[in-house]
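The listed protein sequences derive, respectively, from chains A and B.
First residue of the first sequence? That's 11 in our numbering, and the numbers climb one at a time after it.
First residue of the second sequence? That's 58 in our numbering, and the numbers climb one at a time after it.
All C-beta atoms in this analysis are idealised placements derived from N, C-alpha and C, irrespective of residue type, glycine included.
Single-structure report; data block below.
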Amino acid sequence: MRVALNVWRQPGADAAGGFRSYMVEDISEDMSFLEMLDVLNDRLTNQGEEPIAFEHDCREGICGSCGMMINGQPHGGQPATATCQLHMRKFEEGATITVEPWRASAFPVIRDLVVDRAAFDHIVAAGGFISAPTGEAPEANLIPVPKEVADTAFNAAACIGCGACVAACPNSAAQLFTAAKVSHLNLLPQGQPERYLRAERMVDTMEKFFGSCTNHGECERACPKEISIDFIALLNKDYLKAKVVNRGLASRI
Amino acid sequence: MTLDSKVPDGPIADKWDKHRFSIKLVNPANKRKFKIIVVGTGLAGASAAASLAELGYEVEVFTYHDSPRRAHSIAAQGGINAAKNYRNDGDSIYRLFYDTVKGGDYRAREANVYRLAQLSVNIIDQAVAQGVPFAREYGGLLDNRSFGGAQVSRTFYAAGQTGQQLLLGAYQAMMRQVGLGAVKLDVRSEMLDLVVKDGRAAGIITRDLVSGEVGRHTAHAVVLATGGYSNVFFLSTNAKACNTSAIWRAHRRGALFANPCYTQIHPTCIPQNDEFQSKLTLMSESLRNDGRIWVPKDPAESRSDAEIPAGERDYFLERQYPAFGNLVPRDVASRAVKRVVDQGKGVGARKNGVYLDFSTAIERLGQDKIEERYSNLFEMYDRITDENPYKSPMRIYPAPHYTMGGLWVDYNLMTTIPGLYAIGEANFSDHGANRLGASALMQGLADGYFVLPYTIGDYVSGMLGDPPIATDDLAFVQTEQEVKERVDQFLANRGTRSVDHYHRELGHLMWTYCGMSRDRAGLEKAISEIPALYEEFRSDARVLGVNEQLNQSLEKAGRVDDFFQLGLLMCQDALHREESCGGHFREEHQYPDGEAKRDDENFAYVAAWQWTGAEPELIKEPLVFEEVHPTTRSYK
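Take a look at the structure:
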């Protein structure tokens, strides 16, 4: 098959960018979208044009490296599909496809389709953990976790940190990412001691980088792991309560 | 040179306790005076960095990813073994030890494996305390499943995303230390060389992948947790960026490379579809709990799977290995699959796979149960192949997946360069010639959480009062200069073909001659052809752009360069090992039924290779089996 691509090219963070058009002929519909880009890059290299920079690694939808706006939709808009799992059979013969980096000021472009998502790591460093230093753990089965709690925590923990939720949001909010991590840990019995500190610290750090959530729900639709926005409700509840609980603790000290 | 494994004396069950008592400690107030560099943030690297920082060491961590959470451990699917005996089915530390030594075809060091089995139970405790959401029973207790090479259920799992959840646990523990200022994190920063001063590891040289800046980093000790080298085959289940450069550069600086030819070909991967394929996708071994592997008996079969009656199907694993059935170890399963496909019985349009069929399990347990166990794997398969495995069987074929070889390390996980450690897949230590399923996560975390944090103290304690080597020392200056020259050379080349082109060519050679089965003629051919192709790569690889920008072709060029050198050593190692064992199968050495024929009399040793710049020198570490006496492995 053949497709026409409109790709955002930008040589560096401070350089001006723009769209370039490429005709990609003789590709197979069984190729993944990234394999199609590999083929194009190989051809560009042969022609003496620098290949398109894009982030990718595992190519099976779990590392969260890849991610680009495809026809205005994060990861191309197929349900539960990261860019690396998107196949050319999902496109029409001869289609024109527009490819851009994530759109969010908290994710500045580094080059072409590659953006800097370090803000996510800052949110995790602020509280996205359970303080259990190596060696302190009790015997594992001393902490029974009801199956439905474990399963729900797992569903939240399935987040791959790709940033599609932010890219999809009209406000560039990171509520779904943050809510997924807060919910994973706050649902579990092991996460209770730090529950409210975690919620407050992670949200406060998030707000330094990202816009605010106004309940559009675009994030849930864009998420390749189908993380539910119900977790945002849980986050909001815990954050609100944290403002009281954390202050109460402070006044008692 | 002789190799001292530093395995402590005494009964196997007491060795680790005794060793922990006899090695030197660093008092809590002194730990902050020692700087430790950790390269790589997978299970081993992240768990080591977190644990070392918790102890009080000054830790600096490097990853070439944009975030430590991207490391390829994230993609491990099936599970992690631990000798908890929660299922009351006869498991024990000794049994896990025994299964692992046997599964490795008697080519692993007993003392290391025993320690691994001992620590397995602590890993589960640690992970649960961190909030890793393992699968649970309705009573709230942990669930287990079985994996290849074992007759007990000792595998803990989180759906088909166990690696992801364990890695996030270790990553979060490390990020906590980053937040506390105890770990300095350098992302998009690739180690390009090791600095050695007076025979000791003194630091590393890195390249910032965004700015191109080459930097010097000094430390009292350097830990390499940089994973395996399956991407030497180009097509493998590894993530695209996985590479050998950190351990290969260390090898060139004096660290011995052990058993490079021990590569694991995983039996259940989605077969190659077209020539543009960029990687192969694994379907977890856990699927073999409920999936039955078969091919049509008749190579000329043209009917679809559903139309083939039971009597005309060959469930060849169940037939050949009744005791373990579909759950034989990976090497055994892979070769059996290859045999039937070579006989022309393969299925699919390219006849390059076998069926992995869930219809019996769906009938017995219902589709809901199968969905609960494997839904993400089934979806992944559907997305890639456009076929629904609930309705028709999966098609699978073996693919390179894991490398048991790696840097030689002693019982302390230290390489032959004092102060340089290798942990996780980057070392050679615990899996012998074949790794059992669900043991990679176990080893990475055992090394990082529970072994290295103790053993590294024994080394650095001797340096109390000594600052790390200054970065303006000649050793740093010279090594940095060499790195810069190498980078410049790739850019100055302006050849005619892309780096990927040469990587594919190398991968093709390696898979053909040093893949699932090897013979003398093929290996000799590879050994003569690789250098020629390497020469061509060196003069003709086209790397466009500049150093001072994100340049992914330039990154790849260095990695592929090192794969060429390693590929040659793999073939040399495979050629010298005149036996079949585990993942290393030599056509010349097999029983009439096609099973691997080991030669314990002549090859019961670790083959550790020394870089000389010319022909590599072989140094042997004899393997002594005091507990598990090598026999012909039988899964019948």
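In its chain, beyond the 5 residues on either side, CYS318, HIS641, ARG643, PHE660, ALA664 have a beta carbon closer than 8 angstroms to the beta carbon of B/ARG634.
Identification of chain A residues near B/GLN321 by a Cβ-Cβ cut-off of 7 angstroms yields none; the smallest Cβ-Cβ distance measures about 18 angstroms.
At a beta-carbon threshold of 9 angstroms, none of the residues of chain A lie near B/HIS458; the nearest stands roughly 13 angstroms away. The C-alpha of A/VAL109 lies about 35 angstroms from the C-alpha of B/ILE262. Around B/THR473, the same chain offers GLY311, ALA312, LEU313, TRP465 as residues with beta carbons nearer than 7 angstroms, after the five sequence neighbours per side are excluded. In the DSSP assignment, B/GLN321 is bridged to B/TYR459. Put simply, the backbone Cα of B/VAL540 is about 7 angstroms away from that of B/LEU249.
A contact is defined here as three or more CB-CB pairs under 8 angstroms, and the region 92 to 108 of chain B fails this definition with respect to the region 97 to 105 of chain A. Runs of alpha helix (DSSP H) with 4 or more residues, each lying fully within the region 636 to 668 of chain B, are found at 657 to 660, listed in chain order. Within the DSSP bridge table, the entry for A/GLN83 names A/ILE80 as partners. Residue state for B/HIS76 is assigned as helix, using DSSP reduced to three classes. The beta carbon of A/ASP248 sits closer than 7 angstroms to those of VAL192, ASN196, ARG205, TYR206, ALA209, all from its chain and outside the five residues before and after it, given in chain order. For the pair of segments examined, the region 539 to 556 of chain B was found to touch the region 589 to 603 of chain B: the number of CB pairs separated by less than 8 angstroms reaches three. Sorting B/GLN187, B/SER391, B/VAL685, B/ALA631 by C-alpha distance to the C-alpha of B/ARG577 places B/ALA631 at the top. In the structure shown, the three-state DSSP call for B/ARG144 is coil.
When the alpha-carbon of A/PHE164 is set against those of B/ARG193, B/GLN609, B/SER210, the nearest one is in B/ARG193. Under a criterion of Cβ atoms nearer than 9 angstroms, no residue of chain B is adjacent to A/PRO111; the nearest Cβ is some 12 angstroms distant. Under a 10 Å Cβ-count criterion, B/SER62 is classified as buried, with 16 or more other Cβ atoms of the shown protein chains found around its own Cβ. Residue pairing from DSSP places B/CYS326 in a beta bridge opposite B/LEU339, B/TYR454. Less than 8 angstroms separates the beta-carbon of B/SER124 from that of A/ASP131.
Shown here for B/MET520: same chain residues with a beta carbon closer than 6 angstroms to its own, the five before and five after excluded, namely HIS277 in chain order. In the three-state DSSP reduction, B/ILE150 falls in the helix class (H, G or I).
Cβ-Cβ separation between B/THR325 and B/LEU344: approximately 6 angstroms, consistent with a contact (criterion under 8 angstroms). Taken atom to atom, the span from the alpha-carbon of B/GLN334 to that of A/ASN151 is near 44 angstroms.
Check the Cα spacing between B/SER302 and each of B/SER293, B/VAL289, B/GLU645: the tightest is with B/VAL289. The alpha-carbon separation between A/SER222 and A/LEU44 amounts to approximately 32 angstroms. In the three-state DSSP reduction, B/ALA527 falls in the coil class, being neither helix nor strand. For B/GLU115, the beta-bridge partners assigned by DSSP are B/LYS92. The Cβ atoms of B/ARG211 and B/ALA133 lie no closer than 8 angstroms to each other. Interface residue (Cβ-Cβ distance to chain B less than 8 angstroms): A/ASN256 is not classified as such.
Under the 10 Å beta carbon count, B/SER287 is surrounded by 16 or more other beta carbons and is classified as buried. At a C-beta separation below 8 angstroms, A/ARG205 has no neighbours in chain B, since its nearest C-beta there lies roughly 11 angstroms away. Within the region 214 to 231 of chain B, ALA215, ALA216, GLN218, GLN221, GLN222, LEU225, GLN229, ALA230 place their CB atoms closer than 7 angstroms to a CB of chain A, listed in sequence order. Taking a Cβ-Cβ cut-off of 9 angstroms, B/GLU683 has no neighbours in chain A, whose nearest Cβ is about 30 angstroms from it. For B/ASP650, the number of other beta carbons within 10 angstroms of its own is below 16, and it is reported as exposed.
With respect to B/ARG257, B/PRO475 sits close: the two C-beta atoms are nearer than 8 angstroms.
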